[in-house]
Amino acid sequence: MNEHLSEIIEKAKRFLQNRDLLVFLFFVCLSTALWTLQELRKVTEDTVEMPLKYVNLPKDYVVTNELPEHLKLTLEGRGSDLIRYRLGRELETLEIDLGEIAKGKKSVSTAAYLGQIQKIVMESQIKRVYPEIIPVTIEKQKKKRVPVALVATIDIHQQYTLCDSVQVSPSHITVYGPQKELSEIDTIYTEHIVLEDIKDTLNQQVELKCIKNVRYSDSIISIKVNTEKFTEKSIQVPITPKNVPHGYVLRIFPSSVSINYQVGLSHYEKIDASAFALEVDYKEAKNSGKDKLKIKIQKSPSKAFNIKLKSESVDYIIEEKSTN
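In terms of the numbering used here, the sequence shown opens at residue 100 and continues consecutively.
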């Protein structure tokens, strides 16, 4: 293996030391350089893009049509002048004045900007500009007050829970834009954010998701996430029979059941049996013929989670009330 490698290296050395080859490569490089120099001196045409920025839009107006972001310029000049654009260099941004549009003008002529463009492209000659006319449609903007909704993936640290709902401030903002766009907006959403391993209190700013042709009174909102440690709690809750017809009694055994749940420490003492409602249905007993009735959680507090019944069913007896 080593002998084969040494042989290859030796052949490469002999190849590179060949005088005729070096002379040949020299003249190739020289010819390429002379050809490139000649091409750079030639007068040629090239098409480049000039970025546009629209300024001086009258107050309380919005543009409702699509405006071009670039002008396409066909330039004539020496290759040495145009090569910088071929290499990806962007032209200076041209500002288009929309100040006259509110007075009834319906378009902007790019011919009015040829002098400014010529100063930017310098020695190159402008042959064509596209588009020659930029149509502009504007509309008096309307306003509307709408709620803000947070779009987030929130991961709470182990053994922690939210104290309350995530606070968003401001909860409502004013949006400005054409009537058509505003009529379709009921809520402004934030950009999606990911909050990981949250514990204690988190304050963060979040950007609002942009809507074309619409601007906001606030583009950034603040959120506050309050978390706390949670614990387990168990209480005894009575069970209520429902849909029992007149003249009958549905007796259940036991008449109450233990509920286990998890709750934040700040709400531990605030939740008692009255916060829950457990039911069994007489119709289920009458129609199913089963020996036991399923307990249903009809009501539970929002701050309790991972709720579990110690027993999911009860025994029952249906009795007819005495007519005496």
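All C-beta atoms in this analysis are idealised placements derived from N, C-alpha and C, irrespective of residue type, glycine included.
Give me, in chain order, the residues of the same chain whose beta-carbon lies closer than 7 Å to that of residue i; leave out the 5 immediate sequence neighbours on both sides.
i, result
"L133", "The predicted model places L133 with a pLDDT of 42, which falls under 50 and marks its position as unreliable; any figure quoted below should be read in that light. Excluding sequence neighbours, L133 sits near nothing in its chain."
"L408", "V356, I358 and I394"
"V267", "V247, L249, I320 and I322"
"S316", "I272 and T273"
"S412", "K391, L392, K393 and I394"
"T173", "E144, T146, K226 and R227"
"K328", "Q258, Y259 and L364"
"R350", "Y415, I416 and E418"
When burial is assigned at 16 or more other CB atoms within 10 Å of the CB, is residue i buried or exposed?
i, result
"D280", "One detail in the question is off: residue 280 reads as Glu in this sequence, not Asp. Counting Cβ neighbours within 10 Å, E280 comes out buried, since at least 16 surround it."
"P150", "exposed"
"A211", "exposed"
"P277", "buried"
"S333", "exposed"
"S223", "buried"
"V305", "buried"
"Q215", "exposed"
"V161", "buried"
Going by alpha carbons, who is nearest to residue i out of the options?
i, options, result
"K341", "D380, Q278 and L261", "D380"
"P344", "E383, T330, S373 and K332", "E383"
"H366", "D263, F375 and H271", "D263"
"S401", "T252, L261, H291 and V356", "L261"
"E165", "L364, S410, K311 and N405", "K311"
"T236", "G198, K332, T300 and K369", "G198"
"D196", "S421, E148, I233 and K243", "I233"
"K420", "K391, N155, V348 and F352", "V348"
"P353", "G346, Q258 and P337", "P337"
"S270", "E238, T286, I255 and Q278", "T286"
"N302", "V162, S373, E283 and V324", "V324"
"R251", "K308, Q240 and Q215", "The residue asked about is misnamed: residue 251 is Ala in this sequence, not Arg. Comparing Cα-Cα distances from A251 to each of K308, Q240 and Q215, the minimum goes to K308."
"S318", "E290, E327, D296 and T339", "E290"
"D299", "H169, V265, I292 and Y288", "V265"
"S410", "D296, E378, I255 and I297", "E378"
Specify the secondary structure class of residue i as computed by DSSP and reduced to three states.
i, result
"W134", "With a pLDDT of 46 at W134, under the threshold of 50, the modelled position of that residue is not reliable, and the figure given next carries that caveat. Three-state result, W134: helix."
"K204", "coil"
"N386", "helix"
"G198", "coil"
"S412", "strand"
"E231", "coil"
"K308", "coil"
"K323", "strand"
"L281", "helix"
"I338", "strand"
"Q215", "helix"
"Y367", "coil"
"V161", "strand"
"S264", "coil"
What does DSSP give as the partner residue(s) for residue i in the beta ladder?
i, result
"E418", "V348"
"T252", "V293"
"V404", "According to the sequence as given, residue 404 is Phe; it is not Val. Q361, per the DSSP bridge assignment."
"P246", "H271"
Which same chain residues, not among the five before or five after residue i, have their C-beta less than 6 Å away from its C-beta?
i, result
"I253", "L294"
"E331", "Q361"
"T135", "Bear in mind that a pLDDT of 43 at T135, under 50, signals an unreliable position, so the number given afterwards is only what the model happens to contain. Once the five neighbours on either side are set aside, T135 has no close Cβ partner at all."
"A372", "I334 and V336"
Would a check of beta-carbon distances place residue i closer than 8 Å to chain D?
i, result
"I322", "Chain labels in this structure do not include chain D; a single protein chain is all it has."
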